[in-house]
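Residue numbers (the working numbering): 107 to 225.
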């Protein structure tokens, strides 16, 4: 009987410690959010600029890979590079933003400027 009470007491203490850690984590997150609630226009411009540049680089790489594969497989090549780059840029920007926000919660630009999405 005494062993069972000691076990229950130790389990209760461990559970209290876990709850205390969770409470501390929540308090730290709330403090961090309350200190950085204001997002400035400069922050959003920097974030978007970084995302546009990174998306552009990805679109150029995708166009290059597409052109090389098209030449190797079918013997054709891309003649209107600007038009195809625009198409690849639109596709890449839609996919990049969606995947990054779904998987990581933010994009490269938002991470660089410390902007966080919350639901």
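Positions of the beta carbon are idealized from the N, C-alpha and C atoms, including for glycine.
Here the structure is a predicted model, which is why all the values come from computation and not from measurement.
Going by DSSP, residue 152 is part of the alpha helix (DSSP H) stretching over 147 to 179. Taking the C-beta atoms as reference points, residue 176 is found nearer than 7 angstroms to residue 182. Assignment of residue 192 by DSSP, reduced to helix, strand and coil, places it in the helix class.
Looking at 157, 195, 186, the one whose alpha-carbon comes closest to that of residue 212 is 157.
Judged by DSSP in its simplified three-state form, residue 202 adopts helix.
In the three-state reduction of the DSSP assignment, residue 217 falls in the helix class, which pools H, G and I.
Residue 208 carries a helical assignment under DSSP once its states are collapsed to helix, strand and coil. Rounded to whole angstroms, the gap between the alpha carbons of residue 193 and residue 203 is 16 angstroms. Residue burial is scored here from C-beta neighbours: residue 144 has fewer than 16 other C-beta atoms within 10 angstroms and is therefore classed as exposed. When secondary structure is reduced to three states using DSSP, residue 224 falls in the coil class, being assigned neither helix nor strand.
Looking at the backbone, the Cα of residue 174 and that of residue 188 are separated by about 16 angstroms.
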